[in-house]
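Participant: Numbers given in the numbering used here equal positions in the sequence shown, counted from 1, plus 4. Quick one: structure below, then a few questions.
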Amino acid sequence: MTVSYSGNFMRLLLRWKGSIWRSVWIELVVFLTLYYGIIVFYFYGIPTIDSNGELGYKKKFHEVCLVFNEYTKNIPLTFLLGFYVSNIVSRWWRQFECLSWPEDLLTRNLIDAGLLNDQEYVRLEKMEDPAPGVRWMAPLHWIQQIVTEEVEAGRIPTHFLAVFMNELKQYRTSFRKLFCHDWVCVPLVYTQVGQDLMRPFGMDDDDIELSYILDRNLVISFAIADCLQSDKPRKFSAVLIPKKEVLSR
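Below is the structure:
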């Protein structure tokens with residue numbers, strides 16, 4: 005599941021779930037074991053085997069270390085890791101954006117500037133109990149129902165409906181992308197992000213919560229059919245301010 009995190013740098017270092025320590029602790033234990041084993045062999049093993057230095061074990065050990073050091077300098081490790089991680093992160097996010105959502109034609113349209121009356125508020129509150137998360141998509145769904153009625157009554161040309169629905173879809177898609185960026189954090193384990201994100205739909209700390217998305221989409225799909233269809237609020241006349249009153253202000 006996706007691990008959310010916040011706080012300063014020191015607090016992040018002390019986290020275990022979703023942290024670098026949890027991902028690399030096995031490799032770290034192996035590395036430290038080999039590292040201190042080599043140190044013990046260098047300072048205690050070689051003097052025991054070659055106490056007088058006649059066999060030249062220390063000199064040979066230094067030569068081997070220099071060879072490994074030269075090979076390490078010839079490998080552009082930083083460039084390779086940066087290029088690899090950049091591609092894997094982009095691939096990981098594109099996979100998340102490919103997930104389908106049942107309310108792709110709906111969007112948040114709740115504004116406190118008088119666009120919601122008491123009757124509509126009661127309807128929205130009733131929708132929240134059976135299906136949490138469906139309330140925010142209801143206002144735009146009402147708009148779609150009203151526009152469809154206007155088209156069926158012949159007051160709006162049919163081709164305008166397609167244009168209008170396409171604009172609503174683009175508006176909804178923008179909000180969905182913002183929601184996804186806010187919901188899914190960049191993985192805390194950045195040094196291991198390339199390996200962890202190869203399969204983003206697993207059960208690791210930084211994987212996408214696919215089971216939640218499937219359950220949520222099922223609930224939302226039933227809520228759209230049960231709560232939103234044929235349940236638009238009653239239309240009322242807008243109260244406009246007379247022109248003279250506006251000019252007097």
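C-beta atoms are modelled at their ideal positions from N, C-alpha and C, and glycine is treated no differently.
#1: Out of ARG26, GLU31, ILE224, LYS62, which one is the CA nearest neighbour of ILE42?
#2: Does CYS231 pass the burial test, meaning 16 or more other C-beta atoms within 10 Å, or should it be called exposed?
#3: Which word fits ALA142, buried or exposed, when buried means at least 16 other C-beta atoms lie within 10 angstroms of its C-beta?
#4: Helix, strand or coil: which one does DSSP assign to ASN170?
#5: Where does ARG95 sit, in a helix, a strand or coil, going by DSSP?
#6: Using 8 Å for Cβ pairs, my map puts LEU155 next to LEU144. What's the rounded Cβ distance?
#7: Tell me the DSSP secondary structure of GLU213 in three-state form.
#8: To the nearest angstrom, how far is it from the Cα of GLU31 to the Cα of GLY60?
#9: For a cutoff of 9 Å on Cβ pairs, would you count PRO80 as touching chain B?
#10: Rounded C-beta distance between PHE65 and TYR46? I'm assuming under 8 Å.
#11: Taking ASN170 as the reference, give the member of ILE160, TYR48, GLN148 with the closest Cα.
#12: So PHE47 is in the alpha helix (DSSP H); what residue range does that whole segment cover?
#13: Are there 16 or more other CB atoms within 10 angstroms of the CB of LEU85, so buried, or fewer, so exposed?
#14: Look at the alpha carbon of ASP54 and the alpha carbon of VAL44, and state the distance between them as a whole number of angstroms.
#15: Who are the Cβ neighbours of ILE160 in its own chain at under 6 Å, not counting the five residues just before and after it?
#16: Quick check on SER27: buried or exposed, where buried means 16 or more other Cβ atoms within 10 Å of its Cβ?
Facilitator: In short:
#1: Nearest C-alpha to ILE42: LYS62.
#2: By the 10 Å Cβ count, CYS231 comes out buried.
#3: Flag for ALA142 reads buried.
#4: Here ASN170 carries a helix assignment [DSSP, helix/strand/coil].
#5: Reduced to three states, the DSSP call for ARG95 is helix.
#6: Per the sequence shown, residue 155 should be read as Val rather than Leu. Not quite, the Cβ-Cβ distance comes to about 16 Å (not below 8 Å), so this is no contact.
#7: Secondary structure of GLU213 (DSSP, three-state): coil.
#8: Roughly 32 Å separates the two Cα atoms.
#9: Among the protein chains of the structure shown there is no chain B, as only one such chain exists.
#10: TYR46 and PHE65 do touch by the CB rule: their CB atoms are close to 7 Å apart, below 8 Å.
#11: For ASN170, the nearest C-alpha among the options comes from GLN148.
#12: In the DSSP annotation of this structure, PHE47 is not part of any alpha helix (DSSP H), being labelled neither H nor E.
#13: Under this definition LEU85 is an exposed residue.
#14: The alpha-carbon atoms of ASP54 and VAL44 are separated by roughly 15 Å.
#15: Answer for ILE160: GLU154, listed in chain order.
#16: Burial state of SER27 is buried, judged by a 10 Å Cβ sphere holding 16 or more other Cβ atoms.
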